[in-house]
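**Student:** To start, I am sharing the structure in question, which I have written as structure tokens.
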Amino acid sequence: MCWNKEVSMLTFIIAITGCIYLYYRNNNNDRWVALFGGTIAMIQLAEYFMWSNQSCNDINKLASMLALLVLVLEPAMNMIGGMIFEKSYSDRKILKVLLLSYIVYVIAIYLSIKEKQIKWCGHKSRESCHLRWDFLDIFSSKWSILWVIFLMLPILTMNPKYQGIILFAIGLMTFILSKIHHTSVMGSMWCWYAILVIYAKIII
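So the sequence shown is numbered by my numbering: it starts at 412 and just counts up by one.
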């Protein structure tokens with residue numbers, strides 16, 4: 412995230428507060444979004460520790476590993492949330508197929524990078540005030556594009572459909588803006604998406 416560790420922690424608290432509210436309100440898709448948004452918000456906790464240890468020491472390394480684990484879990488939690496809380500049988504079947512496809516995708520990535528050395532560090536970018544995640548350098552653009560597809564597609568199975576379309580549009584717009592303005596720190600910037608989705612769901 413931008414600026415400093417305090418902003419990352421504040422962002423995490425705001426996101427988790429929204430998730431708790433959605434979980435207990437429990438309108439259509441509230442608990443689904445709470446699970447999904449809460450998973451994304453964990454990135455802010457990881458970034459808090461990255462900001463706190465800019466020398467790329469063991470704490471920064473562990474925080475970077477946590478961030479990558481969360482990134483792997485985000486699409487899966489979105490799909491699993493839909494499978495648990497979506498009432499439509501046909502949409503749940505779609506989500507099951509997506510989840511199986513995503514598992515194959517994760518295995519394929521692991522096989523392609525297991526022999527490569529990963530630089531576990533999250534540090535302030537020279538180009539902006541955001542964190543740069545060096546551990547993402549190991550992944551090609553094709554893997555990143557597929558990850559975004561797996562992350563976003565499950566949202567379109569939400570019922571009522573207008574909710575899924577709105578949340579999908581928010582994700583797409585924030586992804587494009589992050590990609591255009593700060594490519595090297597896009598992952599860090601795009602985690603603002605969690606707050607936007609959580610509080611958009613509170614409104615709609």
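Every residue gets a Cβ at the ideal spot worked out from N, C-alpha and C, and that includes glycine.
1) Quick check: A605 and L578, are their CB atoms within less than 9 Å of each other?
2) Hey, F423 and A445 are a contact pair by Cβ (cut 8 Å); roughly how many whole angstroms apart?
3) Would you identify the three-state DSSP class for W414, choosing helix, strand or coil?
4) Where L558 and G582 are concerned, what is the direct C-alpha to C-alpha distance, given to the nearest angstrom?
5) Are the CB atoms of N440 and M569 within a distance shorter than 9 Å?
6) Cutting at 6 Å between CB atoms, please list the residues of its own chain near I549, excluding the five before and the five after it.
7) Excluding the five sequence neighbours on either side, which residues of its own chain have a C-beta within less than 7 Å of the C-beta of I419, listed in chain order?
8) Name the two residues that bound the continuous beta strand (DSSP E) containing L542.
9) Report the residue from G448, L421, I495 and L522 whose alpha carbon sits nearest the alpha carbon of I431.
10) Take every Cβ of the stretch 472–489, pair it with every Cβ of the stretch 530–540, and state whether three or more of those distances are shorter than 8 Å.
11) Work out the CA separation of R442 and F496 for me, nearest whole Å.
**Tutor:** In brief:
1) no
2) 15 Å between Cβ atoms; not a contact.
3) coil
4) According to the sequence provided, residue 558 is Trp. The question's Leu does not apply to it. Their backbone Cα atoms lie some 13 Å apart in a straight line.
5) yes
6) I524, K527 and I529
7) As written in the sequence, residue 419 is Ser, which differs from the Ile given in the question. Cβ neighbours of S419 beyond the five flanking positions: M412, Q455, E458, Y459 and W462.
8) L542 to W544
9) G448
10) yes
11) 7 Å
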